[in-house]
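A.B. asks:
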Amino acid sequence: MQEEVEFVLDICNEKMSAAVEHLEKELVHIRAGKASPSMLDGVLVEYYGSMTPLAQVSNVSTPDARTLAVQPWEKNLIPAIEKAIMNANLGLNPDNNGETIRINIPVLTEERRRGLVKQVHQEGEHAKVSIRGARKDANVSLKKLEKEGLSEDLEKDAEASVQKLTDDFGKKVDSLVEAKEKDIMTI
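Numbering of the sequence shown is given in the working numbering, commencing with residue 16 and proceeding in unit increments.
Below, the structure is given as structure tokens:
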């Protein structure tokens, strides 16, 4: 029975870790007014008939805090890359000089910053909902194990472990959200 309890706890831990990892990935896409190559991670370019991530057909760099530079490996890709960036709905306007594509990152207004902070809090809440869902699944599995012969003491101890995991991952989510909020609100 102890192996089953450990298995339930491992699954719970994996699900909660996945929720935090997903939150981290989502927060990268919420821009804080500073240029970052990761802002273009989701951009797919049509490359010889297939959709290819931008990073696989070009070099994306940040020459300064407010500019992204995209250097395609093949010059004939410039129009396709420009189109892909426009179609990604990132609110960015690419400017090409025939060799590279430059993207100026506009300064965020106070209103836009507040909107981004709301978005960050929503992402944080989604992560917490996933964590609570993992807790619920683990507790349901523990109740089933109790019906199959697991002692009540072991079940209560396992539930306490699940709650501790939930609290720990909740704190991680809070700290990620807080750090991103501070990043966004810093001018």
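All C-beta atoms, glycine included, are put in the ideal place defined by N, C-alpha and C.
Take F22 as the anchor and find which of S190, N154, I118, D198 has the nearest alpha-carbon.
C.D. replies: Within the sequence shown, numbered from 1, the residue matching residue 22 stands at position 7. Checking every option, the nearest Cα to that of F22 belongs to N154.
A.B. asks: Let's test the definition: count the other Cβ atoms within 10 Å of the Cβ of T201 and tell me whether it reaches 16, buried, or not, exposed.
C.D. replies: As a first step, residue 201 is located in the sequence shown; it is residue number 186 there, counting from the start. Exposed: under 16 other Cβ atoms inside 10 Å.
A.B. asks: Counting only the same chain and skipping the five closest in sequence on each side, list residues whose C-beta sits under 8 Å from that of G148.
C.D. replies: Residue 148 sits at position 133 when you count from the first residue of the sequence shown. Within the same chain, G148 has close Cβ partners K30.
A.B. asks: Could I get the ranges of all uninterrupted beta strand (DSSP E) runs contained in the segment 40-125, with 3 residues as the minimum, in chain order?
C.D. replies: For the segment 40-125, whole beta strand (DSSP E) runs of length 3 or above, ordered along the chain, are 59-62, 65-68, 73-79, 82-87, 109-111, 116-119.
A.B. asks: Among A33, C27, R81, Y63, which residue has its Cα nearest to the Cα of V107?
C.D. replies: Here residue 107 refers to the residue found at position 92 of the sequence shown. Residue identity differs from the one stated: residue 107 is Leu in this sequence, not Val. Comparing Cα-Cα distances from L107 to each of A33, C27, R81, Y63, the minimum goes to R81.
A.B. asks: How long is the line joining the alpha carbons of S73 and I120, rounded to whole angstroms?
C.D. replies: As a first step, residue 73 must be located in the sequence shown, where it is residue number 58. As a first step, residue 120 must be located in the sequence shown, where it is residue number 105. Each residue's Cα considered, the two are about 19 Å apart.
A.B. asks: Would you mind sorting E167 into buried or exposed? The rule is 16 or more other CB atoms within 10 Å of its CB.
C.D. replies: In the sequence shown, counting from the first residue as 1, residue 167 sits at position 152. So E167 counts as exposed.
A.B. asks: Determine whether the beta carbon atoms of G139 and A103 lie at a separation below 8 Å.
C.D. replies: Against the sequence shown, residue 139 aligns to sequence position 124. Against the sequence shown, residue 103 aligns to sequence position 88. No; because the gap between Cβ atoms is not below 8 Å, this pair is not in contact.
A.B. asks: Do the CB positions of L83 and M54 come within less than 8 Å of each other?
C.D. replies: One-based indexing of the sequence shown puts residue 83 at position 68. One-based indexing of the sequence shown puts residue 54 at position 39. Contact: yes.
A.B. asks: Take E163 and list the residues in its own chain whose beta-carbon comes closer than 6 Å to its own, dropping the five residues that flank it on each side.
C.D. replies: Counted from its first residue, the sequence shown places residue 163 at position 148. No residues qualify anywhere along the chain.
A.B. asks: Rounded to whole angstroms, what is the Cα-Cα separation between D152 and C27?
C.D. replies: Reading the sequence shown from its first residue, position 137 is the one you call residue 152. Reading the sequence shown from its first residue, position 12 is the one you call residue 27. Cα to Cα, the separation comes out at about 8 Å.
A.B. asks: Pick out whichever of E41, K179, Q178, A173 has its Cα sitting closest to the Cα of V20.
C.D. replies: One-based indexing of the sequence shown puts residue 20 at position 5. Minimum Cα distance to V20 is reached at A173.
A.B. asks: Restricting to Cα atoms, I'd like to know which of H141, T67, N91 is closest to H37.
C.D. replies: Mapped onto the sequence shown, residue 37 falls at position 22. Closest by alpha carbon: H141.
A.B. asks: Look at the alpha carbon of R117 and the alpha carbon of S76, and state the distance between them as a whole number of angstroms.
C.D. replies: Within the sequence shown, numbered from 1, the residue matching residue 117 stands at position 102. Within the sequence shown, numbered from 1, the residue matching residue 76 stands at position 61. The straight-line gap from Cα to Cα measures roughly 10 Å.
A.B. asks: What does the alpha-carbon distance come out to for the pair I45 and L92?
C.D. replies: Numbered from its first residue, the sequence shown carries residue 45 at position 30. Numbered from its first residue, the sequence shown carries residue 92 at position 77. If you take the alpha carbons of I45 and L92, they lie about 27 Å apart.
A.B. asks: Which whole-angstrom value describes the C-beta separation of I146 and A34, a residue pair presumed to lie in contact below a C-beta threshold of 8 Å?
C.D. replies: The residue labelled residue 146 in the question sits at position 131 within the sequence shown. The residue labelled residue 34 in the question sits at position 19 within the sequence shown. That belief holds up - the Cβ atoms of I146 and A34 are roughly 5 Å apart, short of 8 Å.
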